[in-house]
Structures are given as C-alpha cells and as structure tokens.
Amino acid sequence: MKRLISIVILFMIVALSGCTDQDVSIPEGQTFERANLNLDGKMMSIELTPTDARAGENITAKLVVGNTGTENIISETIEIQAKARSLNDFFANLALTAMSNEKKTMTFSTEFTEEIKPGMIKTLTRVFPTPRELKGRNLAGNYDITVILSVNGQKVESKTVKLKLGSGVSREIYNNQEPASTAASTFATATETPAPKVTAAMTATPIPTPVPTPEMVTVDSYIFSWDDVPGKDNARLIEYLKKGFSLDWIDNAIIEKAVDSKMINLTSDKKYVSLELVGDLVPDVKLTISDGRTGKYILVFEKGKRNIYSGKFRTTRIKDSNFGEKNIEIEPGDWLQWQNYDPEETYTLVESDGKLPNQTLSSRINYYFNTTGTYTFRLFYPKMRGKEPPVQTLTIEPKQS
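Taking the working numbering, the leading residue of the sequence shown gets 18, the next gets one more, and so forth.
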C-alpha cells in the first residue's frame, strides 16, 4: 500500500512538470464565449525546447500570442493543465489506471503584463524544470498538456499538445537557465530522492559534447549619405575610396554634385571618381574611376535620407499567405526586402528566437543584416484560423573564398 501511495505522489509531480518533446502538429482547441466581444486573443504557436528533453532538465516554453480583437491586450494568463496518459514504469502506469482524472491532472499558471495592440503578436517565454526521479523510478512517459489563454482577465482559447518526457542522464547544457516558479503545490518540491551523481562505476548515458557556436562576424557596409556629400560625409566617402581602391590622390580631390543631384564627382588634375544614380524606382549607384575600374552600390531610403551601402539588395515575395522562398542565403552587410503581393492582407513577420522585433508587412519592408547567423521567420495574418504559420529560414554567412 505504501508503495502504491509513493507511485501516486511520483505521478503527480510528473503531471505538474510534463514539459518536453512535442508533437509536430497542435490539435485545434476550444474557444470560449466572451463577455467583451472586442477583446480577443489567439495562440498562434506553442514551442517547447529542447525537443528531446530528459527528466531533470529545464525546458523553455515559447508561446506566440496574437491580438485578434480590436482592444489593446495589457495582461495575459497562461494556465497549464498537465495530465498523464501513460508512464514507462510498469508499476507507476498500473497505479495510473486506478486514478480519477482529477488526481491525474495538476494545474498551474503564469501571468504576463505584455501590451499587444490589435493585429500585433508577442512571444511569451518561460523556463520550467522537470524532476529527474522519485523513489528510484525514472519519470518518463506521455502526457497531454492543455494550455488555456486569458487576456485582460477574459478566458479566450485553449489548445492541447502531446508531450513525451525521456529517460537518461540530464544534460547540464539545458540547466544553465533559472527556471520560473511553478504553481503552488504540496508536490512541487517533494523530490524525495536526490539526483544520482555520475561516477566512473555507474553506467550512464554519455553526455554529448556541445558543438561550439561559431563566432559571429559583424560588418559595416554603410559608406555615406548621398544627401550629405558635399558636406559632413566627405571624410567617410574619401576614407572608403582610399582604402577600397588605393587612391592616394583622393585626399586633395575637389568634390562637386551635379545640379540635378544625380551625380557626384571627385577630381584631382586628370584623375577622377564619378558616382551616378541609375534607375528610377529602386536606384543604384554606379562608380567609375579614371583608371577604368567600376563598381555598383545600393541606395536605401532611411529616415528621409538616401544612404549608400556596399552590400547587395535582395528581394523576396510573400503571396497567397506564404513565403515565396523557404530558404535564403545572403552575406553580412546585405539588405533583404520582403514584398507583399497580397494587397488586401497585412502580415506580421515574427523571428522565432526574438533576435528581431516583429515586422508588420503591408506593402514592403527592408532590413539590414550585418551580422552572421541564422534567423527563422514565421508568417502570421488575421485569417489563419488555427493554421500553422509558414516558415522562412534566413542564413547570413560570408561567401566562401
């Protein structure tokens, strides 16, 4: 009888902590009747990492919440109802079959105070712990996790995900974040058996060696503002030409701009550098040097000024509520422009790891990527109706020489 009670307690701890490997698909959940019809919110996606979490490791939960109403959201409550479906341990699973749904389910909640304006999206992130074992039994098994969203105190939606808690020695690489506190419970801190220490005499699952993260490289491809030459950006332009083209005479050059402002000339005796705006809707800058060398640069309108960059300008389209390209590779110092080919739709681009602020796309938006790395963008729009957001991966790395 004591053994059965211990297993019941063990199970309740697992139900509270069950946050690990998630299924790819998220079943459609339930929407609640709202007293205030102008106030509404939606869980666009639920992501739990690492996807192969083991007992004893911390997991990071990311919930993308969108404001689908017409009033500002100023507070959010995420309620978790964790219910075990099956446990890998035979005796724990046997005890599970004799328990009521109320006993197999534990509920806890987390409150946020993020402001989300109508049509916008915010990512809510928390770190949660998982117990390793209790009374010598590993806490591995399958769970149903129901997530209930309330905004401004009004319950709006629930979704259920299937989770799997794996066995094996916990990896310290996933325990370097301070976990958020869970709901108050007599079982929340009842880990009676401490985590075993790994020694040479024990047989344990090897801990993988973390792959070193490549060092990020940042470049500055901004050269000068077309509107500030002649003027305060003279020195920037001269320094660039001196270093980039080894023009030792450029320090003494006379700088002049044509009457129509479409050409800038730097001259010294018979030597010269000519910069000319070419094109209409998206102009480029053509460089010509008296020794025959040429170059091409991009012009970007920023805060009312025409700024010149040495990188490339890449465009990609969004049409029929989907990315035209799933994977894009550019170099640090390049620009990327997303173009909306659906004039009746307004999209929101959300970078999954929060590396960039959310981008609202009604017509087109530009972004300057000057640091190496990988970005994962998800596409959200008002008419999604529970669909999974399309994904686009952007890789910024220097070209192989």
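All C-beta atoms, glycine included, are put in the ideal place defined by N, C-alpha and C.
| message | Rounding to the nearest angstrom, what Cα-Cα distance links LYS288 and ASP265 in this structure? | response | Rounded to whole angstroms, LYS288 to ASP265 spans 11 Å at the Cα level.
| What is the DSSP secondary structure of LEU258, reduced to helix, strand or coil? | DSSP places LEU258 in helix when its eight states are reduced to three.
| message | Between ASN169 and ILE90, how many whole angstroms is the CB-CB distance? I'm expecting something under 8 Å. | response | 6 Å
| task | Can you have a look at LYS249 and say buried or exposed, based on whether 16 or more other CB atoms are within 10 angstroms of its CB? | result | exposed
| task | For my contact list, TYR160 and ARG102 are in at a C-beta cut-off of 8 Å; report their separation, rounded to the angstrom. | result | 6 Å
| task | Give me the Cβ distance between ASN383 and TRP352, rounded to the nearest whole Å; I'm assuming they're in contact under 8 Å. | result | 6 Å
| Do the stretch 173 to 182 and the stretch 125 to 133 meet, that is, are 3 or more Cβ pairs less than 8 Å apart? | no
| Proximity winner among THR388, THR114, SER291, ASN84, relative to SER278 (alpha-carbon distances) | SER291
| field | Inter-residue Cα distance where the pair is ASP286 and PHE241 | value | 24 Å
| field | Test item: CB-CB of MET401 and SER338 under 9 Å | value | yes
| field | Three-way DSSP call (helix, strand, coil) for THR222 in this model | value | With a pLDDT of only 48 at THR222, under 50, the local geometry of the prediction cannot be trusted, and the value read off the model is given with reservation. Three-state DSSP puts THR222 in coil, outside helix and strand.
| message | Which of the three DSSP states is assigned to LYS214 in this structure? | response | Because the pLDDT at LYS214 is just 39, under 50, the model does not fix this residue reliably, and the value given afterwards should be weighed accordingly. Of the three classes helix, strand and coil, the one that applies to LYS214 here is coil, per DSSP.
| message | For ILE133, which residues in the same chain have their Cβ closer than 6 Å to its Cβ, ignoring the five residues on either side in sequence? | response | ASN84, ILE90, LYS139
| Where do the N-terminal and C-terminal ends of the beta strand (DSSP E) with LYS322 fall, by residue? | 322 to 326
| message | Using only the alpha-carbon positions, how far apart do LYS416 and PHE394 sit? | response | 22 Å
| said: Let me check one thing: in DSSP terms, what residues is ALA275 bridge-paired to? | reply: In DSSP, ALA275 forms no bridge with anything.
| With burial defined as no fewer than 16 other Cβ atoms inside 10 Å of the residue's Cβ, what is the status of ASN324: buried or exposed? | A residue is called buried when at least 16 other Cβ atoms come within 10 angstroms of its Cβ; ASN324 meets this threshold and is buried.
| Local conformation of TRP266 per DSSP, three classes | coil
| field | Local Cβ density within 10 Å of PRO146, reported as buried at 16 or more and exposed below that | value | buried
| task | State the start and end residues of the unbroken alpha helix (DSSP H) segment that holds ASN282. | result | No alpha helix (DSSP H) holds ASN282; the beta strand (DSSP E) holding it covers 280 to 285.
| alpha helix (DSSP H) segments (min. 4 residues) lying fully within the stretch 343 to 413 | none
| Residue nearest to GLY312 in terms of C-alpha spacing, selected from ALA275, LYS322, LEU258, GLY341 | LEU258
| request: Can you tell me the Cβ-Cβ gap for THR332 and GLN356, rounded? I've got them flagged as a contact below 8 Å. | output: Under the criterion of beta carbons closer than 8 Å, THR332 and GLN356 qualify as touching, at roughly 6 Å.
| Roughly how many angstroms lie between the CA atoms of PHE262 and LEU254, to the nearest whole one? | Here the alpha carbon of PHE262 sits roughly 12 Å from the alpha carbon of LEU254.
| task | Measure the CB-CB distance between GLU64 and VAL82 and report whether it falls below 9 Å. | result | no
| Ordered list of beta strand (DSSP E) runs contained in the stretch 228 to 253, each at least 3 residues | 239 to 242
| Mind pulling the beta strand (DSSP E) runs of 3 or more residues that sit fully within the stretch 57 to 84? | 58 to 66, 76 to 84
| request: Could you check the C-alpha separation between ILE335 and SER379 for me, to the nearest Å? | output: If you take the alpha carbons of ILE335 and SER379, they lie about 11 Å apart.
| Best match in THR412, GLY403, PRO407 for proximity to GLN47 [C-alpha to C-alpha] | GLY403
| DSSP state of GLU174 mapped onto helix, strand, coil | Of the three classes helix, strand and coil, the one that applies to GLU174 here is strand, per DSSP.
| said: What does the alpha-carbon distance come out to for the pair SER238 and PRO349? | reply: Going from the Cα of SER238 to the Cα of PRO349 covers about 9 Å.
| message | Quick check: the Cα distance between PRO360 and ARG381, rounded to an integer number of angstroms? | response | 10 Å
| request: Could you tell me the distance, in whole angstroms, from the CA atom of ILE345 to the CA atom of GLN171? | output: Distance between the alpha carbons of ILE345 and GLN171: 40 Å.
| query | Where do the N-terminal and C-terminal ends of the beta strand (DSSP E) with TYR128 fall, by residue? | reply | Strictly speaking, residue 128 in this sequence is Glu, with Tyr absent from that position. Element bounds for GLU128: 122 to 129.
| Cutoff 6 Å; reference THR66; Cβ partners in own chain excluding five residues on either side | THR77
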